[in-house]
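Shown next, in structure tokens, is the structure this report addresses.
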Amino acid sequence: MLQKLAEYAKGELEIMALGSFIFDNPRGASMFVDLKEKLAGKEIFFNLKDGLVSYVYVKNHSTFIDDHTGGEQRQFFSKFLELLKTFKPDLVIGYGGDMLSMTMRAEAKRRGIPCVYTLWNGNHKGFTFPDCDLVMTDSHGNANFYANNFGMNVQAGGIFIDPKHVVAEKREPKYITMINPVAEKGIGIFARMALMAQKELPNEKFLVVESRGSFAEGLAKLHTITVDKKTKTKKETHPFEAKMFPNVDVAQHTNEIKQVYALTKALIVPSLWFEGWGRVSTEAVMNGIPVLASKSGGLQEAVSEGGICLDAPKPCQADYNYIPTEEEVRPWMDALKQILSEDYTERCAQAAAHHNPDVSAKRVYELLKPLLDRSASTQAQYLRGGMLFR
1 MLQKLAEYAK GELEIMALGS FIFDNPRGAS MFVDLKEKLA GKEIFFNLKD GLVSYVYVKN
61 HSTFIDDHTG GEQRQFFSKF LELLKTFKPD LVIGYGGDML SMTMRAEAKR RGIPCVYTLW
121 NGNHKGFTFP DCDLVMTDSH GNANFYANNF GMNVQAGGIF IDPKHVVAEK REPKYITMIN
181 PVAEKGIGIF ARMALMAQKE LPNEKFLVVE SRGSFAEGLA KLHTITVDKK TKTKKETHPF
241 EAKMFPNVDV AQHTNEIKQV YALTKALIVP SLWFEGWGRV STEAVMNGIP VLASKSGGLQ
301 EAVSEGGICL DAPKPCQADY NYIPTEEEVR PWMDALKQIL SEDYTERCAQ AAAHHNPDVS
361 AKRVYELLKP LLDRSASTQA QYLRGGMLFR
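full-length UniProt numbering numbers the first residue of the sequence shown as 1 and each following residue consecutively.
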């Protein structure tokens, strides 16, 4: 988003990003090839330049958010104060409902700097963003979720995906793929479909790309519940194990996601929880890959014309680890067969055009422009303007 905003503004924006080496999943650390060396060194602050955006990173003793010490938070806050003084932003953009994030926004507001919150999921229930001048999200599905459930005014700006990072140069599609095989992402639906495909689509191969969870662990947690007619007692069984799926190959997490799309002929995204967007769906259609997805949150926007969206079976929505029956999954199997039998090239191209990052940059810039026009940096304590992203 930051790079595209800077490009769209054509020199009108100077962007500084302040961050730390903390990840909500340990695999995120793999994005930094020399992270271990950086953490082992004596330097606390790291300055990087990527395209038109400058980055400042603050080192911590651990990459886990729960290990963030009070001293490290004060260190991070001190660097933030330094940037407010030296960079003199017109706008502060960030996210986080923790005390450190709220303290930073409070300090920016005290200095007359507008604050924008970037809201990418449906997890901020009950937080009304009283310290923000604008709450911005990617999808209209996410915006509607907060409007309908909490009466919040959230503006949709679109998704930012750089094609060069996700679009395969050469494709040899052979797999029906699912990425991130965990309960909330619908592994139960995928597993039932893969079993049914052994009879109905015997020549098709499936691929699971592990991310936050493993395929074997996800299968082991899936269950069925039977009720004894006489005693009315419930019995839970866990019938699935990996050896039952010879038609499913498993790949480890990769930062080169384009390698996955190079081998994918159709993507299944049977998500059960609320999806603010569904990034992999858009990445797939950018590769010309049709998507079969649930209607959760912003997934329908993410897929657009590039596939088919269905309601997930209601028992699965109520219990993420529930194994749906063949009857409950029948609409999904029929839709998969339709996708495999039709040419989605043109429809995927149309969907990809909707999600062009240049289009999203224009939308977001138009949302930010009224706040930038306040020119907070022209106040007595500031000399020049910019935008600080945290």
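Built from N, CA and C at the ideal position, the CB exists for glycine as well.
In this text, all values refer to a predicted model and were calculated from it rather than measured experimentally.
Roughly how many whole angstroms lie between the Cα atoms of residue i and residue j?
i	j	result
residue 236	residue 227	9 Å
residue 189	residue 323	7 Å
residue 369	residue 300	28 Å
residue 106	residue 250	47 Å
residue 356	residue 74	39 Å
residue 126	residue 150	7 Å
residue 245	residue 217	14 Å
residue 133	residue 77	21 Å
residue 52	residue 160	16 Å
residue 325	residue 273	19 Å
residue 298	residue 139	6 Å
residue 211	residue 278	14 Å
residue 136	residue 358	17 Å
residue 98	residue 164	34 Å
residue 123	residue 254	26 Å
residue 385	residue 2	Because the pLDDT of residue 385 is 47, which lies under 50, any placement of that residue in the model is unreliable, and the question is left without a value.
residue 82	residue 50	21 Å
residue 203	residue 209	20 Å
residue 45	residue 15	18 Å
residue 174	residue 180	19 Å
residue 12	residue 313	49 Å
residue 263	residue 171	6 Å
residue 382	residue 80	Reliability fails at residue 382, whose pLDDT of 44 lies under 50, so the model's placement of it is uncertain and the value that follows must be treated cautiously. So the alpha carbons of these two residues sit roughly 15 Å apart.
residue 47	residue 328	53 Å
residue 207	residue 153	40 Å
residue 141	residue 276	7 Å
residue 143	residue 365	18 Å
For residue i, which residues of its own chain have a beta-carbon under 6 Å away from its beta-carbon, when the five flanking residues on both sides are left out?
i	result
residue 361	4, 5, 8
residue 350	305
residue 295	309, 311
residue 92	108, 113, 115, 388
residue 271	185, 186, 294, 296
residue 344	290
Report the option in the options whose CA atom is closest to the CA atom of residue i.
i	options	result
residue 213	229, 178, 246	178
residue 304	201, 319, 225, 284	284
residue 221	209, 186, 200	186
residue 302	99, 18, 216, 353	353
residue 319	339, 85, 224	224
residue 62	90, 71, 328	71
residue 36	48, 59, 49	59
residue 332	138, 154, 196, 243	196
residue 155	173, 176, 116	116
residue 176	347, 378, 340	340
residue 374	66, 111, 69	111
Helix, strand or coil for residue i, going by three-state DSSP, please let me know.
i	result
residue 60	coil
residue 208	strand
residue 76	helix
residue 282	helix
residue 139	coil
residue 439	Past the edges of the chain, shown from 1 to 390, lies residue 439, and the structure says nothing about it.
residue 145	helix
residue 69	coil
residue 52	coil
residue 129	coil
residue 9	helix
residue 196	helix
residue 1	coil
residue 344	coil
residue 362	helix
residue 113	coil
residue 150	helix
residue 88	coil
Could you name the residues of the same chain whose beta carbon sits closer than 7 Å to that of residue i, not counting the 5 residues immediately before and after it, in chain order?
i	result
residue 363	157, 158
residue 41	none
residue 291	267, 269, 281, 284, 285, 303, 306, 307
residue 19	55, 57
residue 10	none
Take residue i and list the residues in its own chain whose beta-carbon comes closer than 8 Å to its own, dropping the five residues that flank it on each side.
i	result
residue 166	257, 258, 261, 283, 286, 287
residue 240	191, 219, 220, 222, 323
residue 431	The structure shown does not extend to residue 431, since the chain is modelled only from 1 to 390, so the question has no answer here.
With a threshold of 8 Å between beta carbons, is residue i in contact with chain C?
i	result
residue 171	In the structure shown, chain C cannot be found, because there is only a single protein chain.
Could you tell me whether any non-hydrogen atom of the ligand PLP is closer than 7 Å to the CB of residue i?
i	result
residue 203	Ligands in the displayed structure: none, and consequently the ligand PLP is not present.
Quiz item: Of all the beta strand (DSSP E) runs that stay within the bounds of the stretch 215 to 257, which reach a length of 3 or more residues?
Solution: 224 to 227, 234 to 237, 248 to 251
Self-check item: Whole alpha helix (DSSP H) elements within the stretch 155 to 193, 4-residue minimum
Solution: 163 to 166
Practice problem: Return the chain-ordered ranges of every beta strand (DSSP E) run that is complete within the stretch 297 to 333 and spans a minimum of 3 residues. | Solution: 307 to 310
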